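One structure below.
Protein chains in written order, with this note's numbering: chain L, 180 to 329; chain D, 180 to 329; chain B, 180 to 329.
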């Protein structure tokens, strides 16, 4: 089944691609690999959630933010490739949670993105989930991705 | 000399591969590159060491944990390729230490893994060593790797 | 226009390559990709700036440090390839700022490197900018890079 078909079946709507916040591009392709820049969550209302996970932001909220990052990553892939079905698979994610030092539920948070991608692509990816000390603009979650292109 | 032979000569025993803690796989191969997920240390007793490096955990302890991560990465490579001798070289590591903000000995810690790999593969790799604010489950060290496959 | 020519036109001087601080190499090439290790800033006087960005170190100072990391990355590329014009493009950066938890200006800081690379290569790259909890030796900024080679 095609990726576009799965997105439709899952009732997902991809957000507009947000322009990069600084002097970089959303993705660069080299050979069969597409390297995506670190993406931020954008709510359906166009807001970018901010705060420290484990203090201002709950694990459940951050998990939803990771899902929003995933939808934005899909939008970037679609924009870059023209057609989402040219994306063969997600190779690897680096999921970064803007958490307090005592936070331990990174795996649950980044699953917000991984569960989405597993449903859309029909297979799992490699990944690292970590807690960072701070993130640009105080955003809660940032995720970068490597995608294999057909 | 083969990698398997070096592991035998060094008297190393690879641990069983721990199942991923969330919705991802241990590694994805694309072309000649194998991308490994962030790996955690597992002691010979099957325990996963937790704590803040520079506070609860000493540099020496964390260095040993990084070595344990290295052994687990080797086990994942073996599982994925079937034969460790199909791994041509370690391209790059990202070594992440769950440290207090004042910690400065990341290079020593990640050498626990790099020294192992230099001995096993007979050559050095590229790498970044950083201190993260927190890690899943409170683990002390997490390392991801890119491997070139023959 | 060639990369060497742009570096000359911009009046840039590449620093000597600093030897790795631990058991790794400055870069590993696999196929058409060159993976560079995490690089540190080195001042023209040969000093390595240390401190917490957002406390001891201002955003402006850290931005200049990121530019110095960029010059050092260029020196590593030149050393590895022999000729900078064999570097086709910067694929992706991971820019890490040793910041206090409240810091939010990572994008400005890492632009110190991205602006340099955009000027030298004539096009933009993918990137992630994050705040880490600590860095080796207490350095202010560390940046790793993936470069496409001709």
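We put the CB at the ideal spot given by N, CA and C, even for glycine. Treat the numbers as computed from the prediction; the structure is a model and nothing was measured.
Any C-beta of chain D under 8 Å from that of residue i
i, result
"residue 285 (chain L)", "yes"
"residue 332 (chain B)", "Because chain B spans 180 through 329 in this model, residue 332 (chain B) falls outside it and cannot be assessed."
"residue 258 (chain B)", "no"
Proximity of residue i and residue j at Cβ, strictly below 8 Å
i, j, result
"residue 212 (chain B)", "residue 206 (chain B)", "no"
"residue 219 (chain B)", "residue 194 (chain B)", "no"
"residue 290 (chain L)", "residue 201 (chain D)", "yes"
"residue 204 (chain D)", "residue 275 (chain D)", "no"
"residue 288 (chain B)", "residue 328 (chain B)", "no"
"residue 181 (chain L)", "residue 323 (chain D)", "no"
"residue 285 (chain D)", "residue 249 (chain D)", "no"
"residue 251 (chain B)", "residue 228 (chain B)", "no"
"residue 325 (chain L)", "residue 271 (chain L)", "yes"
"residue 241 (chain L)", "residue 313 (chain D)", "no"
"residue 269 (chain D)", "residue 263 (chain D)", "no"
"residue 265 (chain D)", "residue 295 (chain D)", "no"
"residue 196 (chain L)", "residue 258 (chain L)", "yes"
"residue 230 (chain D)", "residue 317 (chain D)", "yes"
"residue 283 (chain L)", "residue 189 (chain L)", "no"
Segment limits, beta strand (DSSP E) that includes residue i
i, result
"residue 234 (chain D)", "Looking at the DSSP string, residue 234 (chain D) is not in any beta strand (DSSP E), and its letter there is neither H nor E."
"residue 209 (chain D)", "206-209"
"residue 265 (chain B)", "From DSSP, residue 265 (chain B) is part of no beta strand (DSSP E); its letter is neither H nor E."
"residue 226 (chain D)", "Unbroken run through residue 226 (chain D): none, as it is neither H nor E."
"residue 219 (chain D)", "Residue 219 (chain D) -> no beta strand (DSSP E), and no H or E assigned at all."
"residue 323 (chain B)", "320-328"
Short CB-CB distance (under 8 Å) between residue i and chain B
i, result
"residue 244 (chain D)", "no"
"residue 300 (chain L)", "no"
"residue 249 (chain D)", "no"
"residue 254 (chain L)", "no"
Where the alpha helix (DSSP H) containing residue i begins and where it ends
i, result
"residue 185 (chain B)", "182-188"
Test: residue i CB closer than 8 Å to a CB of chain L
i, result
"residue 214 (chain D)", "yes"
"residue 304 (chain B)", "yes"
"residue 325 (chain B)", "yes"
"residue 226 (chain D)", "no"
Contact set between residue i and chain D, taken where Cβ atoms lie within less than 7 Å
i, result
"residue 271 (chain L)", "207, 214"
"residue 275 (chain B)", "309"
"residue 321 (chain B)", "307, 309"
Contacts that residue i makes with chain B (C-beta to C-beta distance below 8 Å)
i, result
"residue 211 (chain D)", "209, 210"
"residue 217 (chain L)", "306, 307, 308, 309"
Within chain D, partners of residue i - CB distance below 9 Å
i, result
"residue 233 (chain B)", "By Cβ distance, chain D contributes nothing, its closest Cβ being about 11 Å from residue 233 (chain B), past 9 Å."
"residue 280 (chain L)", "231, 277, 279, 280, 312, 313"
"residue 204 (chain B)", "302, 303, 304, 305, 306"
Within chain D, the residues that residue i reaches when beta carbons sit closer than 8 Å
i, result
"residue 289 (chain L)", "201"
Contact list for residue i against chain L, beta-carbon separation under 9 Å
i, result
"residue 293 (chain B)", "201, 202, 203"
Chain-ordered neighbours of residue i on chain B, where CB pairs are closer than 9 Å
i, result
"residue 297 (chain D)", "202, 203"
Chain A contact for residue i (CB, 8 Å cutoff)
i, result
"residue 329 (chain B)", "Structure shown: chain A not included; protein chains present are L, D and B."
Scan the stretch 283-317 of chain B and note each continuous alpha helix (DSSP H) run of 4 residues or more that stays entirely inside, going in chain order. 285-300
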